[in-house]
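Written out below as structure tokens is the structure these notes cover.
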Amino acid sequence: MAINQTGISQFLVGDYFANPYPIYRKLHEESPVFWSEIAQAWIVTTFNEVEKGLGGDDFFNQSERIAKASSHLSPDQLENLSHAITNVSNWIVFQDAPAHTRLRRLVNKSFTPRSVTAFEPNIEKIVSDLLDAAMSKDVFNLVDDFSFQLPAIVICELLGIPLEKRWDLKRWADGFADFTASARLTTEQAEHGETVAREAQEYLLELFVELRRNPNDGLLSKIVNAPKDESGDGLTDIEIVGLTIQLFFAGFETTEGLIGNMVLALLNNPEQELLLRSNFDLIPAAVEETLRFDTSVQKTGRIASVDLEILGKQIKKGDSVHFMIGAANRDPKKFQNPDTFDITRADPGNVSFGHGIHFCLGAPLARLEAKIALRQLLERLPSFVLHEPKPTFPELMTFRKPLELWLSSN
Numbered sequence: 002m003a004i005n006q007t008g009i010s011q012f013l014v015g016d017y018f019a020n021p022y023p024i025y026r027k028l029h030e031e032s033p034v035f036w037s038e039i040a041q042a043w044i045v046t047t048f049n050e051v052e053k054g055l056g057g058d059d060f061f062n063q064s065e066r067i068a069k070a071s072s073h074l075s076p077d078q079l080e081n082l083s084h085a086i087t088n089v090s091n092w093i094v095f096q097d098a099p100a101h102t103r104l105r106r107l108v109n110k111s112f113t114p115r116s117v118t119a120f121e122p123n124i125e126k127i128v129s130d131l132l133d134a135a136m137s138k139d140v141f142n143l144v145d146d147f148s149f150q151l152p153a154i155v156i157c158e159l160l161g162i163p164l165e166k167r168w169d170l171k172r173w174a175d176g177f178a179d180f181t182a183s184a185r186l187t188t189e190q191a192e193h194g195e196t197v198a199r200e201a202q203e204y205l206l207e208l209f210v211e212l213r214r215n216p217n218d219g220l221l222s223k224i225v226n227a228p229k230d231e232s233g234d235g236l237t238d239i240e241i242v243g244l245t246i247q248l249f250f251a252g253f254e255t256t257e258g259l260i261g262n263m264v265l266a267l268l269n270n271p272e273q274e275l276l277l278r279s280n281f282d283l284i285p286a287a288v289e290e291t292l293r294f295d296t297s298v299q300k301t302g303r304i305a306s307v308d309l310e311i312l313g314k315q316i317k318k319g320d321s322v323h324f325m326i327g328a329a330n331r332d333p334k335k336f337q338n339p340d341t342f343d344i345t346r347a348d349p350g351n352v353s354f355g356h357g358i359h360f361c362l363g364a365p366l367a368r369l370e371a372k373i374a375l376r377q378l379l380e381r382l383p384s385f386v387l388h389e390p391k392p393t394f395p396e397l398m399t400f401r402k403p404l405e406l407w408l409s410s411n
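Take our numbering: the last position of the sequence shown gets the number 411, and nothing is skipped along the way.
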């Protein structure tokens, strides 16, 4: 059945969250760019247009996204969202140049490939320790026991945040995921976002006081104690709160999904698992193919800063545009057999970490964590065996990851 306007407005419900890819395939065939009433945004699905859009800073902006998503709320509701909106507005990802450049410069050095490689021994030990604990049980939940814990511990160590706070960080990040993923905030999303923003800000402001009193080697301590530049310019504590929350949010949200989606793809494609077990040199390719085949970040949004045209559709200044990363990575005009998981793919590539100035800061770290995690999982588990219940996925357009994934340790 062809996708008509009714189908288009309803495509973000039901089975979409469990498996969006049949919908993407139909959109590639019939409606590669369309206006979605339910999302109140243009949906763009082709690889070339998504890549151009993500790098198109002359045509799109990031800084208006939160205001757009909350524009339908009353003044009283907006006033009650002051912590959440202020916090998220200070994220690097929601900044345009030059503010984006100013914030990113502060943290770039800690996430370069060279800096990340120096952290490799720590990651190896964290992975080993987590698997020791997980495999002490006959059946373990890959998500809670491993794929969340690994990036959470890594980002806590990198930032210099006490490890025992990682469960609070996860709870806050889940709240921010819901808050930032919506193109049109519901009352529930708004209220929950404000609650976690207040909690996170209260904790971090207290932590900043402690870090000024007793500095450590973490990135956060360096930022908090950084001297102001010659103009007297420096980050306020509220700006540092927003920056910190984005770092731990991005630091484990995408990596948790990458690891979970990777293991699930191998479970569903046992011939690829066997091939990988016969040749560990294919591990980097398996990570890249997972990023293409089932990315943990399915879409990202922009606001059009000028009138423009995308594949014959007239986009007006101020319109929301959703660039569907998951769909772009399955574009049949870019990839042969795009719906096949193939770790020996001759045409690799993806836009899962974005493009242009907003290319994911933590991409080298996420790739390294995923490669180490996959190798040790393959070494420690003779095969991947899935147990009930079957995995479910969050009902969000933006993020895709198994909420639980039960594996046998034998």
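Don't be surprised by glycine CBs; every beta carbon is placed ideally from N, CA and C.
DSSP, read as helix, strand or coil, puts N142 in strand. Going by beta carbons, Q299 and M263 fall outside the 8 Å limit. Secondary structure at M398: coil, using DSSP grouped into helix, strand and coil. In the three-state reduction of the DSSP assignment, L236 falls in the coil class, being assigned neither a helical nor a strand state.
When rounded, the separation of the alpha-carbon atoms in L244 and T87 is 11 Å.
Here R293 is buried: its Cβ has 16 or more other Cβ atoms, across all protein chains shown, within 10 Å. Around the beta carbon of S279, fewer than 16 other beta carbons lie within 10 angstroms, which makes this residue exposed. Taking all protein chains shown into account, F360 has fewer than 16 neighbouring C-beta atoms within 10 Å of its C-beta and is therefore exposed.
Residue pairing by DSSP places R303 opposite V322 in a beta bridge. At a Cβ-Cβ threshold of 8 Å, F249 and L379 do not count as neighbours.
Secondary structure note for I311: its beta strand (DSSP E) is the uninterrupted segment 309-311. The closest CA to that of P392, considering only P383, E405, F385, R401, is found on E405. Cβ-Cβ distances below 7 Å link D238 to L206, F209 in the same chain, with the five nearest sequence neighbours on each side left out; the list follows chain order.
Closest option to R331, judged by alpha-carbon separation, among D320, I260, V45: V45. Annotation: Q78 to A191 spans about 9 Å, alpha carbon to alpha carbon. Within its own chain, the residues whose Cβ lies closer than 7 Å to the Cβ of S129, once the five positions on either side in sequence are excluded, are Q377, listed in chain order. The alpha-carbon separation between T113 and F177 amounts to approximately 26 Å. Taking the Cα of G357 as reference, the smallest distance to any Cα among F60, Y25, Y17, A40 is reached at F60. Linking E121 to L369 through their CA atoms gives a straight-line distance of about 8 Å. The DSSP-derived three-state label of K334 is coil. Contact between the region 342-354 and the region 96-116 is not established, with fewer than three Cβ pairs separated by less than 8 Å. For V117, the uninterrupted alpha helix (DSSP H) run begins and ends at 114-119, by DSSP. The three-state secondary structure of A153, taken from DSSP, is helix.
In the three-state reduction of the DSSP assignment, V51 falls in the helix class, which pools H, G and I. Rounded to the nearest whole angstrom, the CA to CA distance from F253 to E289 is 18 Å. A check of alpha carbon separations from G219 across I154, D340, A251 identifies I154 as the nearest.
In terms of CA proximity to E52, H323 leads the group H323, G313, A371, M398. Annotated three-state conformation of I224 is helix, per DSSP. With a cutoff of 8 Å on beta-carbon distance, F149 and S297 are scored as not near each other.
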